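Asker:
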Amino acid sequence: MKQPAPFRLEKLDPETYRHKTRTSSLILILIFASLAMGCATLFVAWWGQPGSNFRLNLLGVLSGLGLTLLLVKLYLARQPFMREAVYSWRLKRQLMRITNVMHKIKPLVEAEQIAALSALCFYHRALEQMHYLEGNDVGALELKVEKQQLIEKMQALGLETEITTFDPQWLDQINAHAKQQS
């Protein structure tokens, strides 16, 4: 199985980020609405019967959704107006990958396993960035104490604490160490 590429945090201005993600969301909503209504109208015009055409309308909406997703995947995701939204989706995906194994990471951090320490350090930075970009000051404050404790632990071990790139191999190492300990 092909290993995903490492993910690197980028420096983004929160105001610009919020403006561009709102704009791209609005564009996607308009595209979806147009495709869904257009497909539903076409399906009813082609195959509709007098009376209820609920199934054809539903099929049109689902077709519009499928076409929108296909359009995003094949074309729109590479467009400049989608840059911040795609970055946000990728960032949240990395956070979710780490969150899914957090129950394995925490004990390995206590055991000073390097991949777990690195993954948790990246997680803190990525989560902090997500809070910053979305203007969530409360979330950033809640993270501060745990982040500082981890940084102190890593510094005491002589490890790098400015981790801005997530290496997917860390999860493989974490899973292997967790399996050995169980």
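Positions 1369 to 1550 (this note's numbering) are the ones given, in order, by the sequence shown.
Built from N, CA and C at the ideal position, the CB exists for glycine as well.
Source: prediction; values computed, not measured.
Alpha carbon to alpha carbon, how far is S1431 from I1399? Give it in angstroms, no decimals.
Answerer: Straight across, the Cα-Cα distance linking I1399 with S1431 is about 12 Å.
Asker: From T1467 to R1446, what does the alpha carbon distance come to, in whole angstroms?
Answerer: Their Cα atoms are separated by approximately 27 Å.
Asker: Report, in whole angstroms, the separation of the C-beta atoms of T1533 and R1376, which I expect to be a contact under 8 Å.
Answerer: 5 Å
Asker: Would you kindly work out how many angstroms separate the C-alpha atoms of K1521 and Y1385, rounded to a whole number?
Answerer: 33 Å
Asker: Between which residues of its own chain and Q1481 is the CB-CB distance below 6 Å, once the five residues before and five after are set aside?
Answerer: H1545
Asker: Buried or exposed, going by whether 16 or more other CB atoms sit within 10 Å of the CB of E1452?
Answerer: buried
Asker: Check whether the stretch 1418-1436 touches the stretch 1488-1499, taking contact to mean three or more Cβ pairs, one atom from each stretch, closer than 8 Å.
Answerer: Contact check between the stretch 1418-1436 and the stretch 1488-1499: fewer than three CB pairs, one atom from each, fall below 8 Å, which does not count as touching.
Asker: Starting from V1454 and walking both ways along the alpha helix (DSSP H), at which residues does that stretch end?
Answerer: First-last of the alpha helix (DSSP H) with V1454: R1451 to T1467.
Asker: Which residues does DSSP list as the beta-bridge partners of F1422?
Answerer: BP columns for F1422 are empty, so no partner.
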